[in-house]
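K.L.:
Protein sequence lines, in the order shown, are assigned to chains A and B. Converting from the first sequence to the numbering used here requires adding 198 to each position, the first position being numbered 1. Converting from the second sequence to the numbering used here requires adding 198 to each position, the first position being numbered 1. Each residue gets a CB set at the ideal place from its N, CA and C atoms; glycine is no exception.
There are 2 protein chains.
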Amino acid sequence: MSRAPRRQDFPVAQVRRYLEPGPIVLVSSAWQGQRNIMTVGWHLVMEFSPSLVGCVISSANHSFEMIRRSRECVINLPTTVLTDQVVGIGNCSGAEVDKFESFGLTAQTAHQVQAPLIRECHASFECRLHDDALVKRYNLFVFEVVKAHVAPSPKHPRTLHYTGDGVFMVAGQAISRRSMFRPGML
Amino acid sequence: MSRAPRRQDFPVAQVRRYLEPGPIVLVSSAWQGQRNIMTVGWHLVMEFSPSLVGCVISSANHSFEMIRRSRECVINLPTTVLTDQVVGIGNCSGAEVDKFESFGLTAQTAHQVQAPLIRECHASFECRLHDDALVKRYNLFVFEVVKAHVAPSPKHPRTLHYTGDGVFMVAGQAISRRSMFRPGML
Chain A
199 MSRAPRRQDF
209 PVAQVRRYLE
219 PGPIVLVSSA
229 WQGQRNIMTV
239 GWHLVMEFSP
249 SLVGCVISSA
259 NHSFEMIRRS
269 RECVINLPTT
279 VLTDQVVGIG
289 NCSGAEVDKF
299 ESFGLTAQTA
309 HQVQAPLIRE
319 CHASFECRLH
329 DDALVKRYNL
339 FVFEVVKAHV
349 APSPKHPRTL
359 HYTGDGVFMV
369 AGQAISRRSM
379 FRPGML
Chain B
199 MSRAPRRQDF
209 PVAQVRRYLE
219 PGPIVLVSSA
229 WQGQRNIMTV
239 GWHLVMEFSP
249 SLVGCVISSA
259 NHSFEMIRRS
269 RECVINLPTT
279 VLTDQVVGIG
289 NCSGAEVDKF
299 ESFGLTAQTA
309 HQVQAPLIRE
319 CHASFECRLH
329 DDALVKRYNL
339 FVFEVVKAHV
349 APSPKHPRTL
359 HYTGDGVFMV
369 AGQAISRRSM
379 FRPGML
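#1: Going residue by residue through the segment 260 to 346 of chain A, where are the continuous alpha helix (DSSP H) segments of at least 4 residues, counting only ones entirely within it?
#2: Short of 7 Å Cβ to Cβ, which residues in the segment 333 to 345 of chain A face chain B?
#3: Do we get a CB-CB distance below 7 Å when we pair Gly-385 (chain B) with the residues of chain A?
#4: Val-210 (chain A) versus chain B: which residues are under 8 Å apart at the beta carbon?
#5: Between which residues of its own chain and Glu-318 (chain A) is the CB-CB distance below 7 Å, once the five residues before and five after are set aside?
#6: Taking C-alpha atoms, which residue in B:Asn-259, B:Gln-212 and B:Cys-271 lies nearest to His-328 (chain B)?
#7: Could you work out which residue in A:Ser-226, A:Thr-277, A:Ser-249 and A:Val-368 is closest to His-260 (chain A) when comparing CA atoms only?
#8: I'd like to confirm the pairing. Which residues does DSSP put opposite Ser-226 (chain B) in its beta bridges?
#9: Three or more beta-carbon pairs under 8 Å between the segment 351 to 368 of chain A and the segment 308 to 315 of chain A, yes or no?
#10: Can you say whether Thr-357 (chain A) is buried or exposed, counting buried as having 16 or more other CB atoms within 10 angstroms of its CB?
#11: DSSP three-state label for Gly-382 (chain B), please.
#12: Just to confirm before moving on: does the CB-CB distance between Asn-289 (chain B) and Arg-380 (chain A) stay below 7 Å?
#13: Would you kindly check if the distance between the Cβ of Thr-361 (chain A) and the Cβ of Pro-219 (chain B) is under 7 Å?
#14: So what does Val-348 (chain A) bridge to, in DSSP terms?
#15: Name the residue from A:Glu-263, A:Arg-214 and A:Ala-321 whose alpha carbon lies nearest to the alpha carbon of Ile-222 (chain B).
#16: Report buried or exposed for Leu-217 (chain A), applying the criterion of at least 16 other Cβ atoms within 10 angstroms of its Cβ.
#17: Under DSSP, the beta strand (DSSP E) around Ala-372 (chain A) begins and ends at which residues?
#18: Can you tell me where the alpha helix (DSSP H) with Arg-356 (chain A) in it begins and where it stops?
#19: Answer yes or no: do Val-254 (chain A) and Leu-338 (chain A) have a C-beta to C-beta separation smaller than 7 Å?
#20: May I have the straight-line CA-CA distance separating Ala-369 (chain A) from Thr-278 (chain A), to the nearest angstrom?
#21: Output needed for Met-236 (chain A): all residues of its chain with C-beta closer than 6 Å, excluding positions within five of it in sequence on either side, in chain order.
Given below as structure tokens:
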């Protein structure tokens, strides 16, 4: 499999397609000439339109202040080809290393934000901070996805889903129950 | 596979093991003699201790007022044996049917809350409403898990992960990268 999937524009109102299944994501940020990446498993979809995603970003992370100040980030979707990078990124600090260099990842210019896309990921979602009301209490950032880039193939990417304890569940088969849904629920 | 797994007490600080991978969950509630179940895919882990979980529960759902008023619910974890029930529950309203009866599910008495456990699920997490600050703005409820019941086997349950459009991803293989983690990160 190629290390850098070809990605296309994707409707921001449909990012639940990739985030609702609960994958580990790589959140990239930029602030005052610095760039960084962190591994995040605590996120949720909050609204289709505007396209809102909530993320817990611990204040212990180097990325926390970069995102809080720049009010931007990119949520990138890695697959199993990047498993070791995902783990490595989660186990070192951006205060000490440039994670793009250390892990052989390509920072690609985004369209709507200063934070870089990670070119090797299956998808990248450009985000602006929409609401910081719960940042102080829970480190919960509510982002709006303002631009989405997704590889059309494979249709069901082998995403990583963290269970704690160093163990990931890998996305398995897809099953459809479409015929059982009421039209308004699809 | 048995329809009703044998479940044991589980540490509430470790529920991320089951929720962080992003499964569809069944949220059960009770209020003034009524009980209900809804299907929820928009949730996230927010803290280990207290054990906090955030859930978006749309105000269009019959469960919304039941949970808002009772300030309790149970988050239940279904597996693939319950796929058709998960879809059926998401496509009808508790205003019209008793979903426990309609879908052949067993309401089991919880220990800490009035809302019932769903006995056929792999796990059930009893929750109390911890913070309703973002309910009005985003329908986001922050719950504290106060008691957890989990089937010890299978170790990696075949959970369902919703991608929209009537399609679910089924949890696949588990892979460990434990040896790559810094001790403090496990």
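P.N.:
Result, derived from the coordinates:
#1: Taking only runs of at least 4 residues, the alpha helix (DSSP H) segments lying wholly in the segment 260 to 346 of chain A are 260 to 268, 281 to 288, 297 to 300 and 333 to 336.
#2: The segment 333 to 345 of chain A vs chain B, Cβ under 7 Å: Tyr-336 and Leu-338.
#3: A question about residue 385 (chain B) goes unanswered here, because the residues of chain B that appear run from 199 up to 384.
#4: Chain B residues near Val-210 (chain A): none, gap ~14 Å exceeds 8 Å.
#5: Arg-201, Ala-202, Leu-280, Leu-303 and Thr-304.
#6: Of B:Asn-259, B:Gln-212 and B:Cys-271, the smallest CA-CA separation from His-328 (chain B) is found for B:Cys-271.
#7: Closest by C-alpha distance to His-260 (chain A), out of A:Ser-226, A:Thr-277, A:Ser-249 and A:Val-368, is A:Ser-226.
#8: In the DSSP assignment, Ser-226 (chain B) is bridged to B:Ile-235 and B:Val-272.
#9: Short answer: they don't touch.
#10: That one is buried.
#11: Per DSSP, reduced to three states, the secondary structure at Gly-382 (chain B) is helical.
#12: By the CB criterion at 7 Å, Asn-289 (chain B) and Arg-380 (chain A) fall inside the cutoff.
#13: Cβ distance < 7 Å, so Pro-219 (chain B) and Thr-361 (chain A) count as in contact.
#14: For Val-348 (chain A), which the question treats as bridged, DSSP gives the partners A:Gln-206 and A:Ala-321.
#15: That would be A:Arg-214, whose Cα lies nearest to the Cα of Ile-222 (chain B).
#16: By the neighbour-count rule (16 or more Cβ atoms within 10 Å), Leu-217 (chain A) is buried.
#17: From DSSP, the beta strand (DSSP E) with Ala-372 (chain A) extends over 365 to 374.
#18: Unbroken run through Arg-356 (chain A): none, as it is neither H nor E.
#19: Contact flag set, yes.
#20: Taking the straight line from one Cα to the other gives about 9 Å.
#21: Counting only residues of its own chain and dropping the five nearest sequence neighbours on each side, Met-236 (chain A) has a CB closer than 6 Å to the CB of Val-225, Asn-259 and Ser-261.
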